[in-house]
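Student:
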């Protein structure tokens with residue numbers, strides 16, 4: 040046999056190990072947890088959950104009390120009723136902490152790596168752009184999704200366990216509430232995280248990224264209110280991100296609202312903003328990847 044046929048085997052691509060984005064997310068969270076502000080804010084963010092947990096347990100225990108008079112008194116107190124409105128109030132209480140944690144973790148997610156040349160280090164490894172992006176996004180959304188989806192589902196499960204009716208009857212009547220909690224949580228957290236990451240990609244420091252996000256939210260809300268006042272149409276306030284979030288919660292959980300904008304319009308707006316932010320982030324990542 041000729042010697043040139045007795046050579047090394049042709050190179051074939053190996054099976055790519057999945058989950059490399061988890062290493063990026065873990066590193067980002069490891070850096071964020073070193074800040075004492077992060078730990079203090081996390082403890083402070085647990086207060087809405089603890090308050091809601093206390094109200095839920097006390098209300099369910101008193102509702103299952105044999106005394107008919109006590110059950111009727113509890114049901115007449117509007118703010119202690121464990122219904123869709125209760126979960127809406129809990130999620131709205133977590134919204135400020137969602138924004139704060141997105142700013143705290145995501146404000147430096149891209150710009151710090153760019154300033155310290157860590158993007159070149161990341162892409163020197165077998166890491167794709169999407170894996171880097173999803174790792175950063177997972178780190179930014181980790182605590183906010185835990186506060187919103189995790190907290191609401193824990194409360195829902197406890198309410199299911201302590202309900203005086205059977206689990207089948209309870210789920211048949213209230214399972215939609217859990218679905219609305221998950222959908223509303225994603226509609227808050229994902230656009231907020233992408234907006235912060237896009238601002239980080241456009242700036243060179245965490246402080247400037249936070250300033251850009253706060254300025255955009257303020258100008259957006261102020262502009263929407265001014266347009267609504269000039270044209271005398273309340274529906275135009277939904278151009279503001281904060282008002283659209285509140286209107287979305289009213290539509291999902293059955294609250295009263297004077298705005299007639301359908302939820303599909305708001306969902307399209309959230310998707311458009313998220314897509315623009317995604318393009319900005321990927322362009323910044325792509326520029327560094329090509330340069331390296």
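In the numbering used here, the protein residues as written are 40 to 331. No residue lacks a Cβ here, since even glycine has one placed at the ideal position from N, Cα and C. Note that the structure is predicted; figures quoted are calculated from it, not measured.
Contact between the stretch 285 to 295 and the stretch 215 to 223 is defined here as three or more beta-carbon pairs at a separation below 8 Å; is this criterion met?
Tutor: The stretch 285 to 295 is in contact with the stretch 215 to 223.
Student: Could you tell me the distance, in whole angstroms, from the CA atom of residue 308 to the CA atom of residue 282?
Tutor: The alpha-carbon atoms of residue 308 and residue 282 are separated by roughly 13 Å.
Student: Taking the CB atoms as reference points, tell me whether residue 324 and residue 168 lie closer together than 7 Å.
Tutor: Yes.
Student: Quick one: grab the DSSP three-state call for residue 120.
Tutor: Coil, per DSSP.
Student: With a floor of 3 residues, list each beta strand (DSSP E) that falls wholly inside the stretch 218 to 260, ordered by position along the chain.
Tutor: DSSP runs (the beta strand (DSSP E)) wholly in the stretch 218 to 260: none.
Student: Less than 7 Å between the beta carbons of residue 95 and residue 198, yes or no?
Tutor: Yes, the pair counts as a contact, with Cβ atoms nearer than the cut-off.
Student: Going by DSSP in three states, residue 279 sits in which element: helix, strand or coil?
Tutor: DSSP places residue 279 in coil when its eight states are reduced to three.
Student: Is it the case that the stretch 134 to 151 contacts the stretch 230 to 243, given that we only count it when at least three CB pairs across the two stretches are under 8 Å?
Tutor: Touching, per the Cβ criterion.
Student: Let me confirm a value: residue 74 is counted as buried when at least 16 other C-beta atoms fall within 10 Å, else exposed. Which label applies?
Tutor: So residue 74 counts as exposed.
Student: Just how far apart, CA to CA, sit residue 204 and residue 219?
Tutor: Going by the C-alpha atoms only, they are around 22 Å apart.
Student: Looking only at C-alpha atoms, which of 243, 272, 238 and 82 sits nearest to residue 256?
Tutor: Checked all of 243, 272, 238 and 82; the closest Cα to residue 256 is 238.
Student: Could you give the residue range of the alpha helix (DSSP H) that holds residue 297?
Tutor: Residue 297 -> no alpha helix (DSSP H), and no H or E assigned at all.
Student: List the whole-angstrom C-beta distance separating residue 187 from residue 137, where the pair is believed to meet the contact cut-off of C-beta under 8 Å.
Tutor: With 8 Å as the limit, residue 187 and residue 137 qualify as a contact, their Cβ atoms being about 7 Å apart.
Student: Work out the CA separation of residue 181 and residue 130 for me, nearest whole Å.
Tutor: Taking the straight line joining both Cα atoms gives about 16 Å.
Student: Under 7 Å between the Cβ atoms of residue 178 and residue 64?
Tutor: It is a contact, given that the beta carbons lie within the stated cut-off.
Student: What residues in its chain sit with their C-beta under 6 Å from that of residue 279, if we drop five residues either side in the sequence?
Tutor: The answer, listed in chain order, is 259, 260 and 263.
Student: Along the chain, where does the alpha helix (DSSP H) that runs through residue 167 open and close?
Tutor: Counting along the chain, residue 167 falls outside any alpha helix (DSSP H), and DSSP gives it neither H nor E.
Student: Determine the DSSP secondary structure at residue 324, reduced to helix, strand or coil.
Tutor: Of the three classes helix, strand and coil, the one that applies to residue 324 here is helix, per DSSP.
Student: Which residue comes first and which comes last in the alpha helix (DSSP H) that contains residue 196?
Tutor: First-last of the alpha helix (DSSP H) with residue 196: 190 to 201.
Student: Measuring alpha carbon to alpha carbon, tell me which residue in 89, 216 and 152 is nearest residue 70.
Tutor: It is 152 whose Cα lies nearest to the Cα of residue 70.
Student: Can residue 127 and residue 317 be called in contact, C-beta distance under 7 Å?
Tutor: No. Outside cutoff.
Student: Between residue 183 and residue 140, how many whole angstroms is the CB-CB distance? I'm expecting something under 8 Å.
Tutor: That belief holds up - the Cβ atoms of residue 183 and residue 140 are roughly 5 Å apart, short of 8 Å.
Student: What's the gap between the Cα of residue 54 and the Cα of residue 165?
Tutor: With a pLDDT of only 48 at residue 54, under the threshold of 50, the placement of this residue in the model should not be trusted, and no figure is reported.
Student: I need the straight-line Cα distance from residue 241 to residue 100, nearest angstrom please.
Tutor: Their backbone Cα atoms lie some 52 Å apart in a straight line.
Student: Alpha helix (DSSP H) containing residue 148: first to last residue?
Tutor: First-last for residue 148: undefined, no H or E at that position.
Student: For residue 245, which residues of its own chain have a beta-carbon under 6 Å away from its beta-carbon, when the five flanking residues on both sides are left out?
Tutor: Correct list, in chain order: 146 and 147.
Student: Give every residue of the same chain whose Cβ lies closer than 7 Å to the Cβ of residue 322, excluding the five residues on either side of it in the sequence, and list them in chain order.
Tutor: Hits under 7 Å: none found.
Student: Just the C-alpha distance for residue 59 and residue 295, rounded to the nearest angstrom, thanks.
Tutor: Rounded to the nearest angstrom, the two C-alpha atoms are 45 Å apart.
Student: Expressed to the nearest angstrom, what Euclidean distance is found between the alpha-carbon atoms of residue 253 and residue 267?
Tutor: Roughly 21 Å between the two C-alpha positions.
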